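Engineer: Numbering-wise, the numbering used here puts 733 at position 181 of the sequence shown, and it's gapless, one number per residue.
Before I ask anything, let me first share the structure, which is written out below as structure tokens.
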Amino acid sequence: MNRTKDSSTSLRIAIQKSGRLTDKTVDLLHGIGIDFDNYKRNLMVKTRNFDVELLLLRDDDIPEYVQDGVCDLGFVGANVTRETQADVTVLRGLNYGNCRLSLAAPKSADIRTADDFDGKKVATSYPNLTRDFFGNKGIDVQIVEISGAVEIAPQLEVADAIVDLVSTGGTLRANGLIELETIMESETELIRTNHELSPGKKELIERFMVRMDGHLQAGKSRYMMLNAPKGSVDEIKSIIPSMKSPTIVPLAEDEMVAIHTVVPFNELWLIMEKLKEAGASDIVILPIESMIL
Ligand code: PRP
Ligand code: ZN
């Protein structure tokens, strides 16, 4: 079983070493059957059952590594990719690690709108996005670039206000800052290098994407089983939009059938209510581990 790997053909994927995206990205990779461990200690991790190497990096470095072709794929916040203006392709928005880049100012200051920033010093780790935002509005600010702990800049009198990431808002509150306006909403994205890849790597990316899309779809779907009178089948089909060809099994009891299908989780309760009205009974819902579409 010990197949040797040609490391030049391994897909290289960049993920955040430690931070808000790490756990969910690791869960996602495990969820699509990519096995690895020791990612907390190593900067590069070989996976056991898919031709993938993981590179554990600071999130801020990921877009450039992917742009330069050092990594083929990367999981990173949209905020970082936009800020670095990296030349990469966004393959998917992944709806985790959500946060926003916002203007914030001390409670005690009289800065309440973007216009109040005119002539002020603004501390941020996002100088490009901040410059664009105020530039587009014709507001003149002096940007103080800081790489971390931006929230304490006003207390240190290094700046009058800040532009920073907000998730729960806890950090702002703890530092006596009020969130004023959002510059951009952000989520984790899967990005791909624009460098030309070998046929082998392209194929690996395709397989990776099929698994990932199936896994994400499974998370948003539930398996549904129900019993219904034969006469209600047409109405039931019309209630479940995604149901192209449901499995319909005759039951021992005359004139009754069992129906099995997959339904979108976000419409689950509405669908169940309508199904009950249409005569369905014994509705059972099960989670789906994975699916390939
Ligand atoms: C961001 C930001 C704040 C914090 C806000 O840092 O710089 O410190 O999160 O989160 P909260 O609103 O939930 O308190 P992040 O963890 O993304 O680290 P990084 O920007 O240094 O990579
Ligand atoms: Zn960072």
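Built from N, CA and C at the ideal position, the CB exists for glycine as well.
Keep in mind the model is a prediction, meaning the values are calculated, not measured.
1) By how many angstroms is the C-alpha of I663 removed from the C-alpha of L845?
2) With distances taken Cα to Cα, identify the nearest neighbour of V642 among D611, L742, A656.
3) Spell out a yes or no on whether the segment 610-623 and the segment 718-725 are touching, meaning 3 or more CB-CB pairs, one atom from each, closer than 8 Å.
4) What residues match up with R652 in a beta bridge as DSSP calls it?
5) Is the CB-CB distance between I757 and D639 below 9 Å?
6) CB-CB under 8 Å to Q568, same chain, minus the five flanking residues each way: which ones, in chain order?
7) With the cut-off set at 9 Å, would you say A630 and T723 are in Cβ contact?
8) Under a criterion of Cβ closer than 5 Å to any non-hydrogen atom of ligand 2, which residues qualify, in chain order?
9) Are L827 and E733 touching if we call contact CB-CB under 9 Å?
10) Which term fits V836, buried or exposed, when burial requires 16 or more other beta carbons within 10 angstroms of its beta carbon?
11) First and last residue of the alpha helix (DSSP H) that includes I837?
12) Secondary structure at S797, three-state DSSP: helix, strand or coil?
13) What separation, rounded to the nearest whole angstrom, lies between the Cα atoms of G583 and S750?
14) Are the beta-carbon atoms of V809 and A780 separated by less than 9 Å?
15) For F686 and E737, I'd like the C-alpha separation in whole angstroms.
16) What is the DSSP secondary structure of T556, reduced to helix, strand or coil?
17) Just to confirm the assignment: which complete alpha helix (DSSP H) runs, minimum length 4, are found wholly within the segment 682-728?
18) Determine the direct distance from the alpha carbon of I730 to that of D712, and round the result to whole angstroms.
19) Tell me the DSSP bridge mates of A810?
20) Please find out if some non-hydrogen atom of ligand 1 comes closer than 8 Å to the beta-carbon of V702.
21) Measuring only the C-alpha atoms, how far is N727 from L820?
22) Comparing C-alpha positions only, which one of G671, F602, S660, Y591 sits nearest to E755?
23) Could you tell me which whole beta strand (DSSP E) segments of length 3 or greater appear in the segment 554-606?
24) Excluding five sequence neighbours on each side, which residues of the same chain lie with their C-beta closer than 6 Å to the C-beta of N650?
25) Answer with yes or no whether the minimum CB distance from P781 to chain D is below 9 Å.
26) In the structure shown, what three-state DSSP assignment does S842 receive?
27) Flag L724 as yes when its Cβ comes closer than 8 Å to any non-hydrogen atom of ligand 1, and as no otherwise.
28) Closest to S562 by C-alpha separation, out of V622, D668, R593, would be which residue?
Structural biologist: Looking at the coordinates:
1) If you number the sequence shown from 1, residue 845 lands on position 293. If you number the sequence shown from 1, residue 663 lands on position 111. Approximately 51 Å between the Cα atoms of the pair.
2) Sequence index remark: in the sequence shown, residue 642 carries index 90 (1-based). Closest by alpha carbon: L742.
3) no
4) Sequence index remark: in the sequence shown, residue 652 carries index 100 (1-based). V718, E737.
5) By 1-based counting over the sequence shown, the position of residue 757 is 205. By 1-based counting over the sequence shown, the position of residue 639 is 87. It is not a contact, given that the beta carbons lie outside the stated cut-off.
6) Numbered from 1 along the sequence shown, position 16 holds the residue referred to as residue 568. Hits under 8 Å: T574, T577, L608, L609, R610, D611, I614, F627, V628.
7) The residue you call residue 630 lines up with position 78 of the sequence shown. The residue you call residue 723 lines up with position 171 of the sequence shown. No, Cβ-Cβ distance for A630 and T723 is not below 9 Å.
8) D611, D612
9) In the sequence shown, the residue the question calls residue 827 occupies position 275. In the sequence shown, the residue the question calls residue 733 occupies position 181. No; because the gap between Cβ atoms is not below 9 Å, this pair is not in contact.
10) The count along the sequence shown starts at 1 and reaches residue 836 at position 284. It counts as exposed.
11) The residue you call residue 837 lines up with position 285 of the sequence shown. Counting along the chain, I837 falls outside any alpha helix (DSSP H), though it belongs to the beta strand (DSSP E) covering 833-839.
12) Numbered from 1 along the sequence shown, position 245 holds the residue referred to as residue 797. The answer is coil: DSSP assigns S797 none of H, G, I, E or B.
13) The count along the sequence shown starts at 1 and reaches residue 583 at position 31. The count along the sequence shown starts at 1 and reaches residue 750 at position 198. In a straight line, the C-alpha of G583 is about 26 Å away from that of S750.
14) Residue numbering aside, residue 809 sits at position 257 when the sequence shown is read from its first letter. Residue numbering aside, residue 780 sits at position 228 when the sequence shown is read from its first letter. Yes; because the gap between Cβ atoms is below 9 Å, this pair is in contact.
15) Walking along the sequence shown from the start, residue 686 turns up at place 134. Walking along the sequence shown from the start, residue 737 turns up at place 185. Their Cα atoms are separated by approximately 17 Å.
16) Counting from one through the sequence shown, the residue named residue 556 turns up at place 4. Unreliable positioning characterises T556 in this predicted model, as indicated by a pLDDT of 42, which lies under 50. A coordinate reading is not provided.
17) 722-726
18) Residue numbering aside, residue 712 sits at position 160 when the sequence shown is read from its first letter. Residue numbering aside, residue 730 sits at position 178 when the sequence shown is read from its first letter. One C-alpha to the other measures close to 12 Å.
19) Start at 1 with the first residue of the sequence shown, and residue 810 comes out as number 258. Note: A810 sits in a beta bridge opposite N779, V801.
20) Counted from its first residue, the sequence shown places residue 702 at position 150. Result yes, Cβ under 8 Å from ligand 1.
21) As a working note, residue 727 is residue 175 in the sequence shown. As a working note, residue 820 is residue 268 in the sequence shown. About 41 Å.
22) For this step, residue 755 is matched to residue 203 along the sequence shown. Answer by Cα proximity: F602.
23) 563-568, 596-598
24) Numbered from its first residue, the sequence shown carries residue 650 at position 98. For N650, where only same-chain residues beyond five positions count, the Cβ hits under 6 Å are E739.
25) In the structure shown, chain D does not exist; there is a single protein chain.
26) Your numbering for residue 842 matches position 290 in the sequence shown. Coil at S842, not helix or strand.
27) Walking along the sequence shown from the start, residue 724 turns up at place 172. Yes, ligand 1 has a heavy atom inside 8 Å of this Cβ.
28) Here residue 562 is taken as the residue at index 10 of the sequence shown, counted from 1. When only C-alpha atoms are compared, the closest one is V622.
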